[in-house]
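There are 2 protein chains.
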Amino acid sequence: MGIAESLRVERAPAPIRSRVLDNLRQAILEHKLVPGQRLIERELVELTGVSRTSIREALRELAAEGLVTTIPNKGTVVAEVSVKEARQLYQVRSALEGLAGRLFVENASPAQRRALASALRAVERAAAKGPAAMLAAKDKFYDVLFEGGGNEALRSMAGTLHARINLLRSMSLSRPGRPAESLAELGEIVAAVTANDADAAAKACSHHAESAGMAGFSALAEQAGG
Amino acid sequence: MGIAESLRVERAPAPIRSRVLDNLRQAILEHKLVPGQRLIERELVELTGVSRTSIREALRELAAEGLVTTIPNKGTVVAEVSVKEARQLYQVRSALEGLAGRLFVENASPAQRRALASALRAVERAAAKGPAAMLAAKDKFYDVLFEGGGNEALRSMAGTLHARINLLRSMSLSRPGRPAESLAELGEIVAAVTANDADAAAKACSHHAESAGMAGFSALAEQAGG
DNA sequence: CAGCGTATGATCATCATACAATGTGATCGC
DNA sequence: GCGATCACATTGTATGATGATCATACGCTG
């Protein structure tokens, strides 16, 4: 870090509404607030200790991100994602991740390529420790992937997409055999990257996203059927 | 339109902040508010006749859409899009439109396919009337395309993307020869759709978006160079 | 006159409060 | 039981106040 960065004082003490926004977003992602749950402004005021103004502005941003739904004169609820919508979101996600893979091959530095391979090994290790650990490691893997692609807009859109998909809780349920399958797919991504084959990387990333969606949907179907 | 739709009465008298939001968005898209321009809350209050509360909430949503930038304690300005960012946005757009093309082939009804061909002819006619008319006709073409794909999430994401790209004014500048080129590309899309070839449609859509971006950038470069 | 500190005004950030509009559920009368 | 009516909860909008931050202008000092 150069002297310029080391001396810079964090000039933005994060406005209160941003912190409220972050907290709410986090709570939704972690399913502490479940889809369909009402978000009553007065209660949020009491819980957070900030004014209604700030709460409402945070809710407007969440609404724009698609994480909550506001019904006029009725209130705000954590967004509910139908199976149909989730399918659509997965299609978009697949397209975006395909692009991410391509951009990584085209733009990533050698260090970033090594980091990706290393992230893959971390996922392998985490796979043994259960789904939660694997999920976290996979998030890291994708962090590296998007970082290396160098497209900030892509990263942010994929992020909000990921959050919305996450609303459909059961999607993260894993079917027996899925973790191994998933690992193999990530391996293909790294292989394509190593081979410097952008088309293959795009296809591998896109395929992984699609495949993850499929797995979630069949888990959902089994659930509904059983 | 069926009887259900024709009798439906608009049950939600659009909250004031939504109308403010729509108006501001529109104004930004039409470049009545130019990038970098400050949006002073007090002035907006006077212009619109609504309270600061509503104005601020609308600004928060615009910020989440990426159309304005809010600097804490300093104010809100219409977002400025750098050339680098625009390049990134175009990459994403290209990926999304590729998906749109594929989905159209897979899901569009015969009527929608006819509508697409018809929209293409409308673009051809409009091309003679100048860039503005052609732009509008092209928007219609894309409306049909996204509609036929049946993916609402994709449509909405592509929409906000389009809006953000639009912020870089000069991108819509046309180079000599570009309109004809553009028409040819749209023709390829329709051809692929007619042939029922999803891969080709995806490639054609993606290529058109990419090509449009390229044209904009070279126009930009010439401008900077001259 | 260059550099520094201060005064000043503009603007935003947050809060408290108020009231209207709307939706919801309970109560009452039949 | 059933519909009308009323009370309550909640959101939508407005208003005024206070403090923080930033940009600018101004004047002082060496």
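Sequence order for the protein chains is A and B.
Take the first sequence: its letters are residues 45 to 270, numbered as in this note's numbering.
Take the second sequence: its letters are residues 45 to 270, numbered as in this note's numbering.
Glycine included, C-beta positions come from ideal geometry on N, C-alpha and C.
Check, Outcome
"Given residue 150 of chain A as reference, the closest of A:266, A:190, A:209, A:224 once Cα atoms are compared", "A:190"
"Helix, strand or coil at residue 83 of chain B [DSSP, three-state]", "strand"
"Residue range of the unbroken alpha helix (DSSP H) whose run includes residue 237 of chain A", "222-238"
"Contacts around residue 161 of chain B, its chain only, beta-carbon distance under 7 Å, and the 5 residues preceding and following it disregarded", "234"
"Proximal residues of chain A, C-beta to C-beta of residue 104 of chain B below 7 Å", "101, 104, 105"
"Residue of B:87, B:181, B:192 minimising C-alpha distance to residue 119 of chain B", "B:87"
"Residue 93 of chain B classed as buried or exposed, judged by whether at least 16 other C-beta atoms fall within 10 angstroms", "exposed"
"For residue 121 of chain B, three-class secondary structure by DSSP", "strand"
"Expected contact under 8 Å - CB spacing of residue 80 of chain A and residue 125 of chain A to nearest Å", "Going by Cβ atoms, the distance from residue 80 of chain A to residue 125 of chain A rounds to 10 Å, so no, they are not a contact pair."
"With 16 other Cβ atoms within 10 Å as the buried cut-off, status of residue 240 of chain A", "exposed"
"Pairwise C-alpha distance: residue 148 of chain A and residue 174 of chain A", "28 Å"
"Residue 226 of chain A versus residue 102 of chain B: straight-line alpha-carbon distance, rounded", "42 Å"
"C-alpha gap between residue 185 of chain B and residue 152 of chain B, whole angstroms", "14 Å"
"Cβ-Cβ distance between residue 73 of chain A and residue 210 of chain A below 8 Å", "yes"
"Alpha-carbon spacing of residue 134 of chain B relative to residue 257 of chain B, whole angstroms", "6 Å"
"Coarse secondary structure for residue 89 of chain A, derived from DSSP in three states", "helix"
"Straight-line gap, residue 144 of chain A to residue 198 of chain A (C-alpha atoms, nearest Å)", "8 Å"
"Members of the stretch 255-266 of chain B that neighbour chain A once the beta carbon cut-off is set at 8 Å", "none"
"Exposure label - residue 49 of chain B; buried when at least 16 CB within 10 Å", "Unreliable positioning characterises residue 49 of chain B in this predicted model, as indicated by a pLDDT of 45, which lies under 50. The coordinate reading is nonetheless provided below. Looking at its Cβ environment, which holds fewer than 16 other Cβ atoms inside 10 Å, residue 49 of chain B is exposed."
"Residue 112 of chain A, DSSP secondary structure in three states", "strand"
"8 Å Cβ cutoff met for residue 170 of chain A and residue 181 of chain A", "yes"
"Residue-level contact to chain A via CB, residue 54 of chain B, 8 Å cutoff", "Since pLDDT at residue 54 of chain B reaches only 49, below the 50 mark, its modelled position is unreliable, and no value is offered."
"Simplified DSSP state of residue 241 of chain A, which is helix, strand or coil", "coil"
"Residue 155 of chain B burial status per 10 Å Cβ neighbour count (16 or more: buried)", "exposed"
"Chain A contact for residue 198 of chain B (CB, 8 Å cutoff)", "yes"
"Collapsed DSSP secondary structure at residue 59 of chain A in the structure displayed", "coil"
"Helix, strand or coil at residue 211 of chain B [DSSP, three-state]", "coil"
"Cβ-based burial, residue 99 of chain A [other Cβ within 10 Å; buried from 16]", "buried"
"Inter-residue Cα distance where the pair is residue 246 of chain A and residue 250 of chain B", "14 Å"
"Residue 135 of chain B at chain A interface by Cβ criterion, 8 Å", "yes"
"Backbone secondary structure at residue 78 of chain B - three-state DSSP", "coil"
"Through-space distance from residue 71 of chain A to residue 163 of chain A, alpha-carbon basis", "26 Å"
"First and last residue of the uninterrupted alpha helix (DSSP H) at residue 127 of chain A", "127-151"
"Where the alpha helix (DSSP H) containing residue 162 of chain B begins and where it ends", "154-171"
"Reference residue 62 of chain A; option with closest CA among A:84, A:78, A:85, A:104", "A:104"
"Per-residue DSSP class, three states only, for residue 188 of chain A", "helix"
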